[in-house]
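The structure appears below as structure tokens.
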Amino acid sequence: MNTDSPQPGFKLPALLQGLRPLLALGLMLSVFAFGNPLAMFRAEAPPVESIHFDQIRVVPDGFRVTLTNDGPTAVKIAQVQVDDAYWMFEQTPSGEISRFGQVNLHIPYSWVQAELHNITVITNSGLTFTGTVDAAVLTPTPGVKEFSAYGLLGIYVGVIPVLLGMLWFPAMRRMERKWLGSLLALTIGLLVFLLVDTFLEATEVAEGVSGAFNGLPLVLFAALLTWLLISAIGSSRGENKGPLYLATLIALSIGLHNLGEGLAIGAAFALGEAALGSFLVIGFTMHNITEGIGIVAPFVPRDDKAATPKLLVFGGLVLLAGGPAILGAWIGGFAYSPLLAAIFLGVGLGAIWQVIVEVTNLLRRYAKAENTPLVSWHNLVGFLFGLAIMYLTALLVAI
Amino acid sequence: MSKNTLSRQEFLKLMLAGGAALGAGALIKNAGHALEGDGHDPHSPTMESDHDMHDGNMTVGEVDLSAFNPTEFLEHFDWGAASTLPDGRTLREWDVYAIDKEIEIAPGVFFPAWAYNGQVPGPTFRCNQGDVLRFKFSNGSGHPHTIHFHGIHPPAMDGITPIVKTGETFTYEFEAKPFGLHLYHCHVSPLKRHIHKGLYGTFIIDPPGGRAPAHEMVMVMNAFDTTFDGGNEVYAVNTVAFHYAKHPIQVKVGELIRVYLVNVTEFDLLNSFHLHASMYRLYRTGTRLDQYEYTDMVIMGQGERHVLEFTLEYPGKYMFHAHQSEFAELGWMGFFEATERSD
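Those sequence lines, one after another, are chains P and R. Take the first sequence: its position 8, counting from 1, is numbered 8 in my numbering, and each next residue is one higher. Take the second sequence: its position 258, counting from 1, is numbered 258 in my numbering, and each next residue is one higher.
Written out as structure tokens, the structure reads:
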């Protein structure tokens, strides 16, 4: 019996077999492109149009608007209104806007400080789309003075509070053993607050993203991928992760959250929606101090073999956790894009979730070693404190 | 023990670092001004040219004037085809049709209109009091329509019934009375839509002996809801937003100007006509020659129409517009340009 008898029929090489569906797809697409099989559906229907306002910059002589055509058909902007009055404008590039095309409008206009202005575009078919400047203030342009201002904002809101929080480390080292678990639980509490806070912030930002880009799913997928990515990194290191790894992870996730915070603050100032007051800065300091506590918490349990980390390590953790606030303030102030903001916040969300998982595991191991339950009264109090401090200090910084 | 000493030293170092950071924080007070937006107002003295910023209330570009030219429409009166009846009265006949037509109401902005004789506003019908009028109406539009005239006539000729369906015809025949300025429009339900989409026009009945010779023009105040949400996006006289601002109406200093002014604006309760730098005699509905008001501002509801007479004393540009500023900003604004007589 010849077991190598050829298969019945003609067998294509694997490469061509892979190409076959693509050829069929190409054939179908060309039928639709050059023919008109759906003519019945398109006959009398008016165009479906959608224009998304990406950004409105307030400049000394008026407005500069960036628009994207996120609808299914090409669009032509016929006229522009500011506050229900037709107004002269320049469009670059001029002419029809193709699908996903982006154009800039320059509208010379005498805007009024801190007052609301509506900018409406009307297309060829008479449809209108409106963007709003809630409070007209000059959009900051990156100059040395502005860069240092927003940079200092990031330091004050991100770096310094974390640093101050870390100063508690020596005191934490001297705590009684029974409170060490609740310290970790406090960290978890604060991280849970940050998780919820970041998620809500992300959903708000996602609304500003053009519908075609699916803002909210983007946030969730970014979170999911980040969580899995960090998990993969962690599992490649093996089961026994030292406190430095955990502290770094916490610092990283807090850093990503602070990036989002910096974005929000920077954008708020740039849009004239926030006023720089001592109250706001003090509020943020107190709100972020607990983050410093959370970062050094993994170093506190004395039975860990590793010696007290060097000052350099602490410094690095401070920069990792607080530094992104500076970056966030710069991006938020000068180059705000809801799409980027949504992605950053999604990444932060995933990172925070991963850290919650890790710290809970640490707490579980610690409780097992101490022969106490995971959800003991001490731990519950710690968790409650973590949530409460974050919630109460958040009241102070409602921008 | 050494471990504690180290941690104390570290503690001190940390304190110093923290203090330095707090000192740096004092710098933020100065830099903070950049964040407060330093109250920059476009009107501050450093602004070089605020010329463009204030002159911008205008549409950009030009409509296709070969399709419909409001300047030509302004002074065109359709007296119909005249003949004499056996009893001596003048018979005037018009062929009127309704079609669906896309019109350009602002540069680049198109509106799906229903139009008498393919134009919005419809033709300006004119006759003398006592004439017999015959309008043969054919409906070439995809929807049923009628013509309802303001004036005195038998109810059978009122344009309420019969409703003229696509492809059908109906002849409206009645005697022209009373003299004055009137209008006509479609009267099929839904009424807002049938009027708003462009089925309206001016109907003038001259008094016996006519009015004094004058530079006469027709102005129909109308507006268009391009988003079909019950609010108008474009306002105008004679359909095209800002047309008479871009092409001022040419008149002579001192000549008598007569404006037949009709309001068919839908959705807004009131419209108005304000003339700059001059005053006009306002003949309400044009039905009395001996009674007038002397004003520069008149409020009109939909369906109201008045005859305005005035002269412009000085050369130059005289703005006219709705005094509802919102309408003026959205297109209902124009200029008379008065030049000295050459003789």
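Ideal Cβ placement from N, Cα and C applies to all residues, glycine included.
Query: Chain P contact for N263 of chain R (CB, 8 Å cutoff); Result: no
Query: C-alpha distance - G208 of chain P paired with V318 of chain P, whole-angstrom precision; Result: 32 Å
Query: Residue-chain proximity (L183 of chain P, chain R), Cβ-Cβ < 8 Å; Result: no
Query: Coil, strand or helix - R211 of chain R by DSSP; Result: coil
Query: Sub-8 Å separation of G260 of chain P and V159 of chain P beta-carbons; Result: no
Query: P162 of chain R classed as buried or exposed, judged by whether at least 16 other C-beta atoms fall within 10 angstroms; Result: exposed
Query: Neighbourhood of R57 of chain P by C-beta distance below 6 Å, restricted to the same chain and skipping five residues each side; Result: R64 and T139
Query: The beta strand (DSSP E) enclosing N263 of chain R, as first and last residue numbers; Result: I257 to N263
Query: Through-space distance from L246 of chain P to W330 of chain P, alpha-carbon basis; Result: 28 Å
Query: Nonlocal neighbours in the same chain, by C-beta distance under 8 Å from P60 of chain P, ignoring five residues either side; Result: L138
Query: Residue range of the beta strand (DSSP E) that includes P112 of chain R; Result: V109 to Y116
Query: Touch test, the segment 116 to 131 of chain P against the segment 285 to 303 of chain P, Cβ-Cβ under 8 Å, three pairs minimum; Result: no
Query: Cβ-based contacts, 8 Å cut-off: residues of the segment 89 to 109 of chain P near chain R; Result: F89, I107, P108 and Y109
Query: Whether Y235 of chain R touches A223 of chain R by CB criterion (8 Å); Result: yes
Query: V31 of chain P, buried or exposed, once every other Cβ within 10 Å from all chains shown has been counted against 16; Result: exposed
Query: Chain-ordered chain P contacts of V60 of chain R [CB-CB under 7 Å]; Result: Q79, M88 and F89
Query: Assigned secondary structure, G32 of chain R (DSSP; H/G/I helix, E/B strand, else coil); Result: In this prediction, G32 of chain R scores a pLDDT of 49, lower than 50, which makes its location untrustworthy; the coordinate-derived value is nonetheless stated afterwards. In the structure shown, G32 of chain R sits in a helix (DSSP, three-state: H, G or I).
Query: Three-state secondary structure assigned by DSSP to F77 of chain R; Result: coil
Query: Distance CB(W114 of chain R)-CB(K197 of chain R) smaller than 8 Å; Result: yes
Query: Within chain P, partners of P107 of chain R - CB distance below 9 Å; Result: A78 and Q79
Query: Length of the line joining the Cα atoms of L195 of chain P and T248 of chain P; Result: 18 Å
Query: C-beta contact flag for V253 of chain R and M219 of chain R at 8 Å; Result: no
Query: Assumed close pair G294 of chain P, I254 of chain P - CB separation to whole angstroms, cut-off 8 Å; Result: 7 Å
Query: Option in P:G189, P:G211, P:L180 and P:P338 with minimal Cα separation from F383 of chain P; Result: P:G189
Query: Minimum length 4: unbroken alpha helix (DSSP H) runs contained in the segment 117 to 179 of chain P; Result: 144 to 154, 160 to 166 and 169 to 173
Query: Rounded C-alpha distance that separates T90 of chain R from V307 of chain R; Result: 25 Å
Query: Within chain P, the residues that L330 of chain R reaches when beta carbons sit closer than 9 Å; Result: Q81, D84, A85 and Y86
Query: Cβ of N69 of chain P within 8 Å of any chain R Cβ; Result: no
Query: Where F149 of chain R falls, given that 16 or more other Cβ within 10 Å makes a residue buried; Result: buried
Query: Beta-carbon neighbours of F336 of chain R, restricted to chain P and to distances below 8 Å; Result: Going along chain P, no residue has its Cβ under 8 Å from F336 of chain R, so there is no contact; the nearest lies around 21 Å.
Query: Among P:T120, P:M172 and P:F213, the one whose alpha carbon lies nearest that of T227 of chain R; Result: P:T120
Query: Where the segment 127 to 149 of chain P meets chain A: residues whose CB sits under 8 Å from a CB there; Result: Of the chains in the structure shown, none is chain A; the protein chains are P and R.
Query: is_contact[S125 of chain P, chain R] using C-beta, thresh 8 Å; Result: yes
Query: Residue range of the beta strand (DSSP E) that includes M319 of chain R; Result: G316 to H321
Query: CB contact check: G56 of chain R to chain P, cutoff 8 Å; Result: yes
Query: CB contact below 8 Å: G62 of chain P versus chain R; Result: yes
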